[in-house]
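Each remark here refers to the structure printed beneath this line.
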Amino acid sequence: MIFEQLQNEVTAILARYPVKRSALLPLLNLAQAREGYVSEPAMREIAKLLDLTPPQVFETVTFYTMFNLKPIGTFHLQICKSLMCALVGSDDLVAWIKNQLDIGPGQTTSDNMFTLSVVECLGSCGTGPMMQVNDDYYEQLTEEKLKRIFDDLRRDGTCSLKSGPFMYPESAAK
Amino acid sequence: MAQYEKILLKNMEQPGYSGSLKEYEQAGGYQALKKVLKDFSPDAVIDAVKKSGLRGRGGAGFPTGVKWGFIPKDHPGPKYLCCNADESEPGTFKDRQLMERDPHQMLEGMVITCFAIGAETAYIYIRGEFRLGAQILWRALDEAKAAGYVGENLLGSGKTINIYVHQGAGAYICGEETALLESLEGKRGMPRFKPPFPATHGLYQKPTVVNNVETMANIPHIINNGAEWFASIGSPPKSTGTRVFCLSGHVKRPGNYEVPMGIPFREFIYDLGGGMRSDKPLKGFIPGGASAPFLKPEHLDVKMDFESVALAGSMLGSGGVTVMEEGTSMVWAALRLMEFFYHESCGKCTPCREGSSWLVQTLQRIWQKKGRQGDIELLEELCGNIAGRTVCAFGEAEVGPVLSTIKHWRHEYEALIQEAQVALPPNKELPVFSH
Numbered sequence: 120m121i122f123e124q125l126q127n128e129v130t131a132i133l134a135r136y137p138v139k140r141s142a143l144l145p146l147l148n149l150a151q152a153r154e155g156y157v158s159e160p161a162m163r164e165i166a167k168l169l170d171l172t173p174p175q176v177f178e179t180v181t182f183y184t185m186f187n188l189k190p191i192g193t194f195h196l197q198i199c200k201s202l203m204c205a206l207v208g209s210d211d212l213v214a215w216i217k218n219q220l221d222i223g224p225g226q227t228t229s230d231n232m233f234t235l236s237v238v239e240c241l242g243s244c245g246t247g248p249m250m251q252v253n254d255d256y257y258e259q260l261t262e263e264k265l266k267r268i269f270d271d272l273r274r275d276g277t278c279s280l281k282s283g284p285f286m287y288p289e290s291a292a293k
Numbered sequence: 467m468a469q470y471e472k473i474l475l476k477n478m479e480q481p482g483y484s485g486s487l488k489e490y491e492q493a494g495g496y497q498a499l500k501k502v503l504k505d506f507s508p509d510a511v512i513d514a515v516k517k518s519g520l521r522g523r524g525g526a527g528f529p530t531g532v533k534w535g536f537i538p539k540d541h542p543g544p545k546y547l548c549c550n551a552d553e554s555e556p557g558t559f560k561d562r563q564l565m566e567r568d569p570h571q572m573l574e575g576m577v578i579t580c581f582a583i584g585a586e587t588a589y590i591y592i593r594g595e596f597r598l599g600a601q602i603l604w605r606a607l608d609e610a611k612a613a614g615y616v617g618e619n620l621l622g623s624g625k626t627i628n629i630y631v632h633q634g635a636g637a638y639i640c641g642e643e644t645a646l647l648e649s650l651e652g653k654r655g656m657p658r659f660k661p662p663f664p665a666t667h668g669l670y671q672k673p674t675v676v677n678n679v680e681t682m683a684n685i686p687h688i689i690n691n692g693a694e695w696f697a698s699i700g701s702p703p704k705s706t707g708t709r710v711f712c713l714s715g716h717v718k719r720p721g722n723y724e725v726p727m728g729i730p731f732r733e734f735i736y737d738l739g740g741g742m743r744s745d746k747p748l749k750g751f752i753p754g755g756a757s758a759p760f761l762k763p764e765h766l767d768v769k770m771d772f773e774s775v776a777l778a779g780s781m782l783g784s785g786g787v788t789v790m791e792e793g794t795s796m797v798w799a800a801l802r803l804m805e806f807f808y809h810e811s812c813g814k815c816t817p818c819r820e821g822s823s824w825l826v827q828t829l830q831r832i833w834q835k836k837g838r839q840g841d842i843e844l845l846e847e848l849c850g851n852i853a854g855r856t857v858c859a860f861g862e863a864e865v866g867p868v869l870s871t872i873k874h875w876r877h878e879y880e881a882l883i884q885e886a887q888v889a890l891p892p893n894k895e896l897p898v899f900s901h
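Chains as they are written, first to last, in the numbering used here: chain A, 120 to 293; chain B, 467 to 901.
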């Protein structure tokens, strides 16, 4: 019962909406943040919480690409492949990752560290090529940067190259 | 190079500006809200926004004040405001900057909008990937609440306006306003038939306004400086104010640039963006996000306002300009965009669901030099059966890249098909679709 330990969060989320079902995406996001994916028990629990049937939850989950229905690696590498990133070299990076980590899109490294996904536009077109790793954006990627990111993630679980509040180009005054 | 006065990016371009409430207030923030509560009636706010000529910055460019005016005044309520922060049009990344660098600017705009339309509750629907943006907005909301700018008994006025952040989960279509409402109701994000419009039957079937982040960020400035001031900027009377245009692709200095509407693309790409990144000349550009048909170098002197771009056969859309240099295959570019639309089609309307898959397959085989004679005509026929036959504007959007690249660079399609005829026997099996 994953939501038993999250009572405060659940109560706060439910209080935002006059109709319970609106809390569905926030609760799914919460479940995924907790477990790394959306499990069937979590979906059943959410259905109970929101007075929905399990199929109503499932049909909604499957519409949204951000929900993982299976466990994935510790770090979810999502590389943007849309035109704007492709113009500045995202395909080369995907090939490089395949080569370095020995995984293709949809696959996880044998140490369960990295899962690779190739995704559509993440809204960072001026600073491509880019990828999202779990909650963080990494932009203006090069092979050297990727190497450092993977090393740092393996060692520290985080990397200082991740993006802060976005502004590009940076102001000339700075 | 001409220097333009910034409105929306002004604060964040000050050295060290972090977007905190204190800094926003020091820069004159929340004065507009105080002014509205003291001197304005809801109708006066709507009138000011109508007079300013402000048009929606999300893509469709609908006049904002007119949209607000459609909210029925005699409705017992509740009424809702939804801020569309689902920025997901490829080529567009301005709202992310506006939210993460100066969140109070849009929040102030939202509170004023709620006052104008009589809403007590507002939601910011932010795309699920923008985790940092959502955190920043929640933090800003806490600050604003503590200072009495949001919440119960707003600045002692007796009014209640609550704002919540709602995170999506990765669906482009949720940027379409009725799909956004469906998603906010906890359902699959599929657009609704219109009419009825959200102004009368929106969130939970109640009167609802859906406005883009950049639209909201403009509101405090219109109140502070007056509708006439705003209406004098840009390309009046139909395209007023500035816009934060996004530049991406093969240019030296990509990024967000705020300029008055109506400057030519040439100035935007070559002066602000520094021109092409290498010595290869410009081959084509997308003027307003992935949904906007491609334009050619001969269109560089077109003005960046709603009417001029429409006259040139495209649209200003979300303001995302993507530049491609000589040597870029336009069949490949169309395929890449079509793969995006195929992936993001919600599946509600058959022409779009089936048509997008068919378009991708056909483009794929042309690009892989397995195309057949008649494939260009097939693409055109398919596009003709999608546009105008779907519930939402996604249908028009997805055929734009295909039809415009065929129009401007038909010879590239023909050459690839010709190569396939030479390389393959005539009665070959159709390649199996792989995606």
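From the three backbone atoms N, C-alpha and C, an ideal C-beta is built for every residue, glycine too.
Interface flag, residue i vs chain B, CB-CB below 8 Å
i      : result
A:P137 : yes
A:G242 : yes
A:E159 : no
A:P174 : no
A:P284 : yes
A:S201 : yes
A:S209 : no
A:R153 : no
A:G223 : no
A:G96  : No answer is possible for residue 96 of chain A: it lies beyond the span of chain A, which begins at 120 and ends at 293.
A:P190 : no
Identity of the residue in the options nearest residue i by Cα
i      : options                        : result
A:R135 : B:F734, B:V787, B:N722, B:A588 : B:A588
A:F177 : A:L202, A:R140, A:K200         : A:R140
A:D298 : A:T277, A:D271, A:S236         : An answer regarding residue 298 of chain A cannot be provided, because it is not within the stretch 120 to 293 covered by chain A.
B:C640 : B:L621, B:G624, B:R593, B:G599 : B:R593
B:P867 : B:R855, B:K762, B:C812         : B:K762
A:C199 : B:E805, B:P657, B:G783, B:W604 : B:E805
B:E843 : B:V515, B:G854, B:L829         : B:L829
B:G785 : B:H765, B:Y638, B:G721         : B:G721
B:S698 : B:H716, B:M727, B:E846, B:V679 : B:M727
A:P174 : A:M162, A:M185, A:Y183, A:T184 : A:M162
A:L272 : A:E159, A:T234, A:V207, A:M185 : A:T234
A:A313 : B:G854, B:Y630, B:A514         : What the structure shows of chain A is the stretch from 120 to 293, and residue 313 of chain A is not part of that stretch, so it cannot be assessed.
B:M790 : B:F760, B:M781, B:L777         : B:F760
Within-8 Å CB hit, residue i to chain A
i      : result
B:E810 : yes
B:I473 : no
B:N722 : yes
B:A863 : no
B:S554 : yes
B:R597 : yes
B:C549 : no
The ligand HEM heavy atom lying under 7 Å from the CB of residue i
i      : result
B:C858 : In terms of ligand content, the structure shown is empty, and the ligand HEM therefore cannot be addressed.
Reduced DSSP category for residue i - H, G, I as helix; E, B as strand; rest coil
i      : result
A:P284 : coil
B:A551 : strand
A:P137 : coil
A:C204 : helix
B:G850 : helix
B:L573 : helix
A:V157 : coil
B:I832 : helix
B:S774 : helix
A:S236 : strand
B:P666 : The sequence given here places Thr at residue 666 of chain B; Pro does not occur at that position. Three-state DSSP puts B:T666 in coil, outside helix and strand.
Closer than 8 Å at the beta carbon, the chain C residues around residue i
i      : result
B:A637 : The question asks about chain C, but that chain is absent: this structure's protein chains are A and B.
*Check whether the segment 700 to 717 of chain B touches the segment 278 to 285 of chain A, taking contact to mean three or more Cβ pairs, one atom from each stretch, closer than 8 Å.*
For the pair of segments examined, the segment 700 to 717 of chain B was found not to touch the segment 278 to 285 of chain A: the number of CB pairs separated by less than 8 Å stays below three.
*Contained alpha helix (DSSP H) runs [length at least 4] in the segment 855 to 892 of chain B, N- to C-terminal order*: Fully enclosed alpha helix (DSSP H) runs of 4 or longer: 860 to 889.
*How do the segment 878 to 892 of chain B and the segment 827 to 839 of chain B stand: do at least 3 beta-carbon pairs fall below 8 Å, yes or no?*
Three or more Cβ pairs drawn from the segment 878 to 892 of chain B and the segment 827 to 839 of chain B lie within less than 8 Å of each other, which places the two stretches in contact.
*Quick one: any contact between the segment 573 to 580 of chain B and the segment 675 to 685 of chain B, if contact means 3 or more CB pairs under 8 Å?*
In this structure the segment 573 to 580 of chain B lies against the segment 675 to 685 of chain B, because at least three pairs of beta carbons, one per stretch, are closer than 8 Å.
*asked:* Within 8 Å, do at least three Cβ pairs link the segment 561 to 570 of chain B to the segment 596 to 614 of chain B?
replied: Yes, the segment 596 to 614 of chain B is in contact with the segment 561 to 570 of chain B.
_Within 8 Å, do at least three Cβ pairs link the segment 744 to 754 of chain B to the segment 824 to 835 of chain B?_
Touching, no.
*Could you tell me whether the segment 656 to 674 of chain B touches the segment 184 to 193 of chain A, using the rule of 3 or more Cβ pairs below 8 Å?*
Fewer than three beta-carbon pairs drawn from the segment 656 to 674 of chain B and the segment 184 to 193 of chain A are found closer than 8 Å, and the two stretches are therefore not classed as touching.
*Whole alpha helix (DSSP H) runs in the segment 575 to 650 of chain B with 4 or more residues, listed along the chain?*
As summarised for the segment 575 to 650 of chain B, the continuous alpha helix (DSSP H) elements at least 4 residues long and confined to that stretch are 597 to 612, 643 to 650, given in chain order.
*asked:* Does the structure place the segment 666 to 673 of chain B close enough to the segment 644 to 653 of chain B that three or more beta carbon pairs sit under 8 Å?
replied: Between the segment 644 to 653 of chain B and the segment 666 to 673 of chain B, the count of C-beta pairs closer than 8 Å reaches three or more; the two stretches touch.
*If you scan the segment 697 to 764 of chain B from start to end, which runs of the alpha helix (DSSP H) of 4 or more residues do you find wholly inside it?*
You should have found no qualifying run.
_Contained beta strand (DSSP E) runs [length at least 3] in the segment 468 to 551 of chain B, N- to C-terminal order_ = Runs of the beta strand (DSSP E) lying entirely within the segment 468 to 551 of chain B and spanning at least 3 residues, in chain order: 546 to 551.
*Are at least three pairs of beta-carbons, each pair with one atom in the segment 517 to 524 of chain B and one in the segment 590 to 605 of chain B, less than 8 Å apart?*
In short, these stretches do not touch, since the Cβ pair count stays below three.
_Entirely enclosed beta strand (DSSP E) segments - the segment 239 to 266 of chain A, minimum 3 residues_ = Correct list: 250 to 252, 255 to 257.
_In chain order, each beta strand (DSSP E) run of at least 3 residues that lies wholly inside the segment 189 to 234 of chain A_ = Segments of the beta strand (DSSP E) lying fully in the segment 189 to 234 of chain A: 194 to 199.
*Stretch-stretch touch, CB-based, cutoff 8 Å, three pairs: the segment 205 to 225 of chain A with the segment 166 to 184 of chain A*: The segment 205 to 225 of chain A vs the segment 166 to 184 of chain A: no contact.
_Three or more C-beta pairs under 8 Å: does that hold for the segment 814 to 821 of chain B against the segment 855 to 869 of chain B?_
The segment 814 to 821 of chain B is in contact with the segment 855 to 869 of chain B.
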